[in-house]
Amino acid sequence: MLVAAAAAALSLTACGQPVDTPDDRGSSRGGSAPTAYGVVFLGPADCSSRGAEVREVSCRSEKAMARVLARHLGAATAGPSCPPPTDFVLHISETGDSARSRLTRGYACMRNLEPPHPGDPGQGGGPLTRVGDCVRHSRGGTGGGEDTGEVVGEVEETACDGSGARAPEFEVMSAVRLRARCPDTTDLVVTLGGDRAVGCARRI
6 MLVAAAAAAL
16 SLTACGQPVD
26 TPDDRGSSRG
36 GSAPTAYGVV
46 FLGPADCSSR
56 GAEVREVSCR
66 SEKAMARVLA
76 RHLGAATAGP
86 SCPPPTDFVL
96 HISETGDSAR
106 SRLTRGYACM
116 RNLEPPHPGD
126 PGQGGGPLTR
136 VGDCVRHSRG
146 GTGGGEDTGE
156 VVGEVEETAC
166 DGSGARAPEF
176 EVMSAVRLRA
186 RCPDTTDLVV
196 TLGGDRAVGC
206 ARRI
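Going letter by letter, the sequence shown gives residues 6 to 209 in our numbering.
As C-alpha cells, this is what we get:
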C-alpha cells in the first residue's frame, strides 16, 4: 500500500555508484497493519522497493528489495558506521529547509531481503571491509617499505572466490587496534572501521 508523500530526491549508493531517484511512502513493516509514518523516511526495519525509483513499501510486498538495518541523520562521512551485515547504503536528501526536511536527510544502511549479500565476508562488496574479505590493488601498491616489506597503496574489495571482475590478491585475516600487533606473516595492512581499525591481510 502506498500513500502520498512529499517528493524527495534520493541517491542510491551500491559499490560506490550513485543513482538519483525519487521517493514515495508505503507500509512500513511487514506483519502488521498499515500505520501512520513517523518523521523519518525509511526508518529502522522499514523496507525499500526494487528498481530505480526507490520507495518505502511493506516488507511483505513483492516489490520489497531490502530492509533498513540502521538509519542516521546527516552525512555518512561524518556519522556512525553502518553495521557489518550492510549490503549497500542509501543516501537520502529532501529539498527545502523545513523541520521535516532536516529530519529526513541522512542515510540508511540496507540489507537485501534475498541473496546475493555483497556485504557478507568474502563476497566482494558492501560499504565495509572486514575480516574475511578479499582485496586487490586499485592503483599504486607496487611495493613496500624496506623495513616492513608490506605492500602499500590503494586497494579495492573483490570476491574471494574469484567471481568478481578482478581476481583477489589478499585476504584480511585479522583485525587489531595497532599496526604493530599484526602477525609477522602480514603482507598488507588495510584500514577498517570500528575499534579494531587495522586489518592484517595475507597474500592469496
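Even glycine gets a Cβ: it sits at the ideal position worked out from N, Cα and C.
request  = Counting only the same chain and skipping the five closest in sequence on each side, list residues whose C-beta sits under 8 Å from that of residue 118.
outcome  = 52, 64, 69, 70, 71 and 72
State the Cα-Cα distance for the pair residue 32 and residue 55, rounded to the nearest angstrom.
Because residue 32 sits at a pLDDT of 37, beneath the cut-off of 50, its placement in the model cannot be relied upon, and the point is left open.
### Cβ neighbour criterion (16 or more within 10 Å) applied to residue 58
exposed
Starting from the Cα of residue 82, find the closest Cα among 207, 122, 89 and 111 and give me that residue. 111
**Q.** residue 71 - containing beta strand (DSSP E), residue span
**A.** 69-78
Segment contact flag, the region 122-134 with the region 79-97, C-beta cutoff 8 Å, min 3 pairs: yes
* What residue from 135, 165, 85 and 84 has the CA that sits closest to residue 174's CA? -> 165
Exercise. So residue 181 is in the beta strand (DSSP E); what residue range does that whole segment cover?
Worked result: 175-181
- C-beta contact flag for residue 197 and residue 135 at 9 Å: yes
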